[in-house]
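Per this note's numbering, the very first residue in the sequence shown carries number 681; after that it's consecutive. Worksheet for the structure shown next.
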Amino acid sequence: MCMLKKAVDWVKEHPYALCLLYFIPYLLYFELLEAFAVPRFIIHCPIDDWIPFHEGFVIPYFAWFPMLAASLGYFLFHSRKDFLDLCFIMFSGMTICLLIYTILPNGLQLRPTIVHDNLLARIAGMLYAIDTPTNVCPSIHVSSTVAIMIIVMRYQTFSHAALVKSLTLVSGIAVCLSTVVLKQHSIIDVVLGGLLTLALYKVCMQTNWLKYLYKLPSRSFLYGILYSYFLQFVCMHTFYKARFRRPPKTPSMLACCFRTTVERTTAIPLTRVGLFTSAAWAHAWSRRTMI
């Protein structure tokens with residue numbers, strides 16, 4: 681209880697940490713897209729056929745997760761400005777990608793048959809089993825990795841700046857390469873993911889986005905409405921798919937839970953949950969001291 685109280689007090693003193701709550705609606709939306717979205721556009725270019733598959737790249741591919749956590753965690757505790765800029769670039773990129781996946785459902789047909797029998801090959805096979813080759817362009821993996829690299833490279837107060845920046849640069853390049861070597865993404869996805877982050881970084885640097893955020897009228901109401909419609913769309917889309925008995929493309933536990941809920945009820949209770957969640961989300965954003 682003492683540790684919990686200290687954590688709550690720290691969040692009260694640093695309310696901008698609540699930006700990390702973005703991952704809740706993001707993961708919900710992404711998981712539903714993974715389960716129910718049907719690709720209408722197949723991404724491919726000739727360069728993809730020249731890139732050989734190698735299971736060893738599962739190591740840098742999964743290194744993206746600790747890289748994401750470490751970068752957000754470090755800047756959360758050491759630099760408010762860099763943390764908020766990283767959140768703005770990364771979360772804006774993720775949101776734009778989700779909207780593109782919704783409006784222009786896309787996928788890949790690049791995955792080979794894994795013939796090797798070793799630990800890394802089995803891990804690659806597990807990755808293929810749980811991660812569908814859909815929702816790929818632009819690449820969120822690449823977009824967020826480039827965002828981390830940019831913020832780390834501009835940060836000037838690391839204890840061992842040369843070492844940290846070198847490791848980040850090498851790790852980031854390896855992560856981006858792993859997406860195409862493992863056939864998780866086309867080279868087109870990688871290029872567009874990188875360009876998306878560069879564009880958002882330019883917006884971040886050339887505009888005082890925090891100032892514009894403060895000027896939004898009735899910010900709490902705006903965020904509540906946007907997020908409410910955001911989640912309502914997901915619920916109705918899920919309900920529509922369930923009514924016509926289109927099974928999810930992935931057997932993930934979360935997708936199965938959502939499908940069971942939708943089939944046994946209607947989208948209305950889920951929409952009420954969305955409204956309740958959006959109210960809590962808007963309350964957090966409505967605090968001017970948050971950022």
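Ideal placement from N, C-alpha and C gives every residue a C-beta, glycine not left out. Remember, predicted model here, so these are calculated numbers, not experimental data.
Comparing alpha-carbon positions, the option among T877, H821, F755, L878 lying closest to L862 turns out to be H821. Between L857 and P740, the gap from beta carbon to beta carbon is short of 9 angstroms. Listed in chain order, the non-local C-beta contacts of L790 below 8 angstroms within the same chain comprise H724, D728, P813, K863, S866, local neighbours out to five positions each way being set aside. In this structure, Y696 sits near F763, with a CB-CB distance shorter than 9 angstroms. Measuring C-alpha to C-alpha distances from V850 to each of C884, T825, G805, R834 identifies T825 as the nearest. Under the three-state reduction of DSSP, T793 is assigned to coil, being neither helix nor strand.
Scanning its chain for C-beta atoms nearer than 8 angstroms, with the 5 sequence neighbours on each side dropped, one finds around T775 the residues Y706, in chain order.
Within the DSSP bridge table, the entry for N798 names no partner.
Here F838 carries a coil assignment [DSSP, helix/strand/coil]. I731 and E711 have their C-alpha atoms some 28 angstroms from each other. By the beta-carbon neighbour count (other beta carbons within 10 angstroms, threshold 16), A749 is exposed. Per DSSP, the continuous alpha helix (DSSP H) segment holding Y754 begins and ends at 738-758.
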